[in-house]
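First comes the structure, then the notes that go with it.
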Ligand code: GRF
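Residue numbers (the numbering used here): 1 to 194.
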């Protein structure tokens, strides 16, 4: 059973989708830790409800990214974490964690990368008046949403779509694609998510 840590900053709907898939035996992994940089984030409440250990920190209490990442790394080593899964973590991962978890940090982004990286990808797609957008799961490197792509799913943008309506459909895709992709990466060969 692979041990994973989820990093999140917000609502945690993807966190919940992953927890549910693990509880249903679809992903063979254990969430050993939730790392969160916002003490009042809904994802912290969700983790507590599921009895998942949490490590909450405030970046402003540290001198640098390297300082808080060193502390996070200690917690990850303590829990024997093998993979880091980013689910709405609103910070760039720095050298400390990238080096320690090379090729083992995964992220989900609400666009068809390399289009619309960074903040407000859904708003960016609407403003660009493209006909379709989507969701990307990718490995994390030092750039902003630039690492090797693992999986993508497309979605059409409807003429009357608002940011809210499109976001709802994107989230629905994310909640299916992220668990499916994690199952492929983490489960022993031949164990699918069906
Ligand atoms: C998702 O849209 C994800 O693609 C992006 O941040 C959002 C997190 O949403 N990286 P939630 O907190 O999982 O609901």
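We put the beta carbon where it would ideally sit given N, CA and C, even for glycine.
inquiry  = Quick test of your reading: residue 186 and residue 29, contact by CB under 8 Å. State the CB separation rounded to the nearest angstrom.
reply    = 5 Å
key: Where residue 81 falls: helix, strand or coil (DSSP)   = coil
Inter-residue CB distance, residue 113 and residue 136 (contact presumed, cutoff 8 Å) = 4 Å
Coil, strand or helix - residue 134 by DSSP = strand
query = So residue 82 and residue 2 are in contact, right, with Cβ under 8 Å, and what is the actual spacing, rounded?
reply = About 5 Å; that satisfies the 8 Å criterion.
Proximity winner among 39, 177, 148, 154, relative to residue 60 (alpha-carbon distances) = For the residues 39, 177, 148, 154, the minimum Cα distance to residue 60 belongs to 39.
Within 9 Å, strictly: CB atoms of residue 199 and residue 93 = Here the chain covers residues 1 to 194 and nothing more, so residue 199 does not appear.
Proximity test, residue 107 beta-carbon vs ligand 1 heavy atom, cut-off 8 Å = yes
task = Return helix, strand or coil for residue 124, following the three-state DSSP convention.
result = helix
ask   = Where do the ends of the alpha helix (DSSP H) carrying residue 94 lie?
value = Note, residue 94: premise wrong, no alpha helix (DSSP H); not H, not E.
request  = For the alpha helix (DSSP H) containing residue 46, list its first residue and its last residue.
outcome  = 42–49
request  = Compare the C-alpha of residue 46 against each of 65, 76, 14, 63 and name the closest.
outcome  = 14
C-alpha gap between residue 128 and residue 153, whole angstroms = 19 Å
inquiry  = Taking 8 Å as the cut-off, does the segment 159–178 touch the segment 117–126 (at least 3 CB pairs, one atom from each stretch)?
reply    = yes
query = From residue 101 to residue 41, what distance separates their C-alpha atoms?
reply = Residue 41 has its alpha-carbon roughly 25 Å from the corresponding atom of residue 101.
message = Could you check whether the Cβ of residue 8 sits closer than 8 Å to any heavy atom belonging to ligand 1?
response = Yes, since a heavy atom of ligand 1 falls inside the 8 Å radius drawn around the Cβ of residue 8.
task = Could you tell me whether the Cβ atoms of residue 155 and residue 173 are closer together than 9 Å?
result = yes
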